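Let me begin by presenting the structure, written as structure tokens, before commenting on it.
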């Protein structure tokens, strides 16, 4: 599991700024990107709990390193920032459910 965490962290650090801009320019792009990554994780056999843990890493990175580009991202960043670790974990689960329904 720790190896997967390192891969996620390295991938986040290597995100091409241009690609990053495209993903975050609107909320639908972000949801599509997250949906694709969740589907990939499910195909790899990752549980919902593990996917939520990885989603937490991504959300934490975005909250620290990226400026929101729309109202939805701004709201997510605010919720993430004020939330406890437990609330952030629940928000990660909610994000997963949101993109699974799409």
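Residue numbers (the numbering used here): 186 to 287. C-beta: ideal position from N, C-alpha, C; glycine also. All values reported here derive from a predicted model rather than from experimental measurement.
Minimum C-alpha distance to residue i - residue among the options
{"i": "residue 264", "options": "235, 216, 241, 214", "result": "241"}
{"i": "residue 286", "options": "204, 217, 254", "result": "217"}
{"i": "residue 259", "options": "212, 274, 205, 221", "result": "212"}
{"i": "residue 256", "options": "205, 188, 215", "result": "215"}
{"i": "residue 273", "options": "227, 231, 188, 246", "result": "246"}
Beta-carbon proximity list for residue i, same chain, < 7 Å, skipping 5 on both sides
{"i": "residue 254", "result": "209, 210"}
{"i": "residue 281", "result": "223, 233, 236, 237, 240"}
As assigned by DSSP and simplified to three states, the class of residue i
{"i": "residue 258", "result": "helix"}
{"i": "residue 245", "result": "helix"}
{"i": "residue 287", "result": "coil"}
{"i": "residue 251", "result": "coil"}
Residues near residue i in its chain [Cβ-Cβ closer than 8 Å; skip 5 each side]
{"i": "residue 207", "result": "214"}
Contiguous alpha helix (DSSP H) assignments of at least 4 residues, all confined to the segment 211–243: Complete alpha helix (DSSP H) runs here, min 4: 212–228.
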